[in-house]
Amino acid sequence: MPEYDAQRLFEKLLLDGFQAGLSWITVLKKRDRYRQVYQGFDPQFMAQQSEDDLLELLEDPGIIRNRLKVRGARQNAQAWLRLAEQTDPGEWLWAFVGGAPRINAFANISEVPVTTDQAQAMSKALKRAGFTFVGPTICYAFMQATGMVMDHTRDCFRYCELAGA
Numbered sequence: 001m002p003e004y005d006a007q008r009l010f011e012k013l014l015l016d017g018f019q020a021g022l023s024w025i026t027v028l029k030k031r032d033r034y035r036q037v038y039q040g041f042d043p044q045f046m047a048q049q050s051e052d053d054l055l056e057l058l059e060d061p062g063i064i065r066n067r068l069k070v071r072g073a074r075q076n077a078q079a080w081l082r083l084a085e086q087t088d089p090g091e092w093l094w095a096f097v098g099g100a101p102r103i104n105a106f107a108n109i110s111e112v113p114v115t116t117d118q119a120q121a122m123s124k125a126l127k128r129a130g131f132t133f134v135g136p137t138i139c140y141a142f143m144q145a146t147g148m149v150m151d152h153t154r155d156c157f158r159y160c161e162l163a164g165a
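In this text, residue positions in the sequence shown follow full-length UniProt numbering: the first is 1, and each later residue adds one.
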C-alpha cells in the first residue's frame with residue numbers, strides 16, 4: 001500500500017537496511033523492540049545518540065546487534081534531518097517514481113526485478129546525502145514495501161485492488 005508519511009518512510013528505510021543479509025522475518029520479529037529503543041524511530045532522538053548509547057544497543061538481544069547497522073541507524077537519522085532541512089523527505093523519496101505508484105503487470109514472480117534504474121538513482125542520491133545501507137536492492141525493496149512500485153503478479157488476489165482496477 002502506498003505510504004506517504006515521512007516518519008513511516010524513515011522507519012521503513014531503516015528496517016530495510018537492517019534486513020541486509022538477513023531474512024525479512026528476522027527484522028519483523030524485532031520491529032517492536034526497534035520502535036522502543038528508537039522512540040518510535042524518532043530521527044531527532046536517534047541522531048543524538050552517544051557512543052555509550054550505541055554500545056548499550058549492541059548489548060540488546062531484541063535488535064540486530066551488528067555494529068555497522070547500529071552506527072548506520074544514527075548516521076541515517078542525521079542524514080534524514082539534514083535532508084529535512086532542505087525538503088520534505090517523503091516527497092523527495094517519492095520523486096524517484098514520479099510522485100505516484102508505478103504499477104507493474106508481471107505474469108509471474110520470476111519477472112520481478114531485484115532493482116531498477118529508479119532504485120539505483122535513489123541509492124546514489126541517498127548515499128550522496130550521507131545515508132548508509134541503501135544499496136539499489138535495498139532501495140527497490142523499500143520502494144516495493146512502501147507502495148512506490150506495485151509488483152504483485154497479475155494472478156495475485158491483491159493485484160486488481162492495488163492496480164486500481
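Every residue gets a Cβ at the ideal spot worked out from N, C-alpha and C, and that includes glycine.
Among all the DSSP beta bridges, which residues are the ones paired with Met150?
Paired residues: Ile103.
Buried versus exposed call for Lys30 [16 or more other C-beta atoms within 10 Å across all chains shown]:
Burial call: buried.
Beta-carbon within less than 7 Å of Gln49's beta-carbon, same chain only, minus the 5 sequence neighbours each way: which residues are those?
Answer for Gln49: Arg74, listed in chain order.
Spatially closest choice to Ala77 from Asp42, Trp24, Gln86, by CA coordinates
Nearest of Asp42, Trp24, Gln86 to Ala77, Cα basis: Asp42.
Return helix, strand or coil for Phe45, following the three-state DSSP convention.
Helix.
Here's the rule I'm using: 16 or more other beta-carbon atoms within 10 Å means buried, otherwise exposed. How should Phe157 be labelled?
Residue environment analysis places Phe157 among the exposed positions, since fewer than 16 neighbouring C-beta atoms fall within 10 angstroms of its C-beta.
Compare the Cα-Cα distances from Trp94 to each of Ala84, Glu111, Phe106, Met122 and report the closest residue.
Selected option, being the one with the closest Cα: Met122.
C-alpha distance - Leu83 paired with Phe45, whole-angstrom precision
Rounded to the nearest angstrom, the two C-alpha atoms are 16 Å apart.
Tell me which same chain residues have a C-beta within less than 6 Å of the C-beta of Lys69, skipping the five on either side of it?
A distance below 6 Å between beta-carbons, with the five flanking residues on each side excluded, links Lys69 to the following residues of its chain, in chain order: Phe18.
Between Val114 and Gln7, what straight-line distance do the alpha-carbon atoms span, to the nearest angstrom?
Cα to Cα, Val114 sits roughly 25 Å from Gln7.
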